[in-house]
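Protein chains in written order, with the numbering used here: chain A, 1 to 236; chain B, 237 to 299.
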């Protein structure tokens, strides 16, 4: 007989998967309104549910930004509560700082109370070291959303090439979560005038067919598809 | 039940273990080991044993 892992990491990871599935359903229209408020209300462990809201960060706004889904006051309240229970700290890693700032900005834009997003984000890792840079960008994939200020405000051809190489490397390593995150950035850059040198449709098909099967990866893939479709519409 | 009502029940400020669990989920690194399919003859011992135990090749009958 097996017992569930009671460590916070395992409990929070399960909550993140649950919330990612809800956000994915809201984005693709396969589930009803499923903002963070509903997720927290229905959770058996509200603290884990709030941790999931903090982990997904800007991605909880993806259905609102990409599909026009509602993000009501209760949803804003859930995000504010997540920041209260899990406040940003001075020793947070840079990617956490970037994500917190983006989440705080989106929260304010959707009518939520301002929250303290923590320290000022810094860019690191020069782009010519594409492998390390791609790893850094993969951890920042929730910032690849329209209207979010991230570390790639004006992507150029060099960035697109580095993202394509990073995506290819991740696919060769069968690291499908990283491949989905970088494909998402590649689609974002493509939509901002830095054409992707990969066949993004084929890459996303491959990740969907052979991927890890987690809701987080499925969410990254779905967002990448939305971003790619948006850029196709703009160029058509 | 509002979010405020439900979340006020238990969540007090997260402790260091909880914060570190959350941060580790945010900063997920790339997969440390490649899952690429490589040749790994796991049954090599069994195959060798079967070869050794297999009957000898029949020889031509003496005239």
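Idealized CB from N, CA, C, for every residue including glycine.
How would you call residue i, buried or exposed, if buried means at least 16 neighbouring beta carbons within 10 angstroms?
i: residue 47 of chain A; result: buried
i: residue 131 of chain A; result: exposed
i: residue 141 of chain A; result: buried
i: residue 13 of chain A; result: buried
i: residue 77 of chain A; result: buried
i: residue 138 of chain A; result: buried
i: residue 205 of chain A; result: exposed
i: residue 220 of chain A; result: buried
Cutting at 7 Å between CB atoms, please list the residues of its own chain near residue i, excluding the five before and the five after it.
i: residue 86 of chain A; result: 50, 51 and 54
i: residue 247 of chain A; result: Examination of residue 247 of chain A is not possible in this model, given that chain A is present from 1 through 236 alone.
i: residue 58 of chain A; result: 99, 102, 103, 106, 142, 143, 145 and 148
i: residue 28 of chain A; result: 222
i: residue 73 of chain A; result: 111
i: residue 65 of chain A; result: 145, 146 and 147
i: residue 215 of chain A; result: 17, 20, 21 and 24
Could you tell me how far apart the beta carbons of residue i and residue j are, in whole angstroms, since I believe they sit closer than 8 Å?
i: residue 136 of chain A; j: residue 163 of chain A; result: Not a contact, Cβ separation roughly 12 Å.
i: residue 153 of chain A; j: residue 121 of chain A; result: Rounded, the Cβ-Cβ distance is 12 Å, inconsistent with contact.
i: residue 61 of chain A; j: residue 71 of chain A; result: 6 Å
i: residue 170 of chain A; j: residue 179 of chain A; result: 4 Å
i: residue 8 of chain A; j: residue 257 of chain B; result: 4 Å
i: residue 224 of chain A; j: residue 183 of chain A; result: 5 Å
Counting only Cβ pairs nearer than 8 Å, list the residues of chain B close to residue i.
i: residue 178 of chain A; result: 266 and 267
i: residue 188 of chain A; result: Here the premise fails: no neighbours, minimum Cβ distance about 19 Å.
i: residue 9 of chain A; result: 257, 260 and 261
i: residue 16 of chain A; result: 261
In chain B, which residues lie with their C-beta within 9 Å of the C-beta of residue i?
i: residue 89 of chain A; result: 255 and 259
i: residue 95 of chain A; result: 262 and 263
i: residue 110 of chain A; result: Within chain B, no residue comes near residue 110 of chain A; the closest Cβ sits about 14 Å away, beyond 9 Å.
i: residue 22 of chain A; result: Correct list: empty, because the minimum Cβ distance to chain B is about 14 Å.
i: residue 135 of chain A; result: 265 and 266
Which residues in the same chain have their Cβ closer than 6 Å to the Cβ of residue i, if we skip the five residues on either side of it in sequence?
i: residue 31 of chain A; result: 25
i: residue 114 of chain A; result: 108
i: residue 156 of chain A; result: 194
i: residue 38 of chain A; result: none
Counting only Cβ pairs nearer than 7 Å, list the residues of chain B close to residue i.
i: residue 86 of chain A; result: 250, 255 and 258
i: residue 54 of chain A; result: 258
i: residue 175 of chain A; result: 266 and 267
If you drop the 5 nearest sequence neighbours on each side, which residues of the same chain put their C-beta closer than 8 Å to that of residue i?
i: residue 90 of chain A; result: 118 and 119
i: residue 261 of chain B; result: none
i: residue 268 of chain B; result: none
i: residue 45 of chain A; result: 11 and 15
4 or more residues per run - each alpha helix (DSSP H) lying fully within the region 4-30 of chain A | 8-28
Just list the beta strand (DSSP E) runs in the region 73-101 of chain A, keeping only unbroken ones of 3 residues or longer that don't cross its boundaries, in chain order.
-> none
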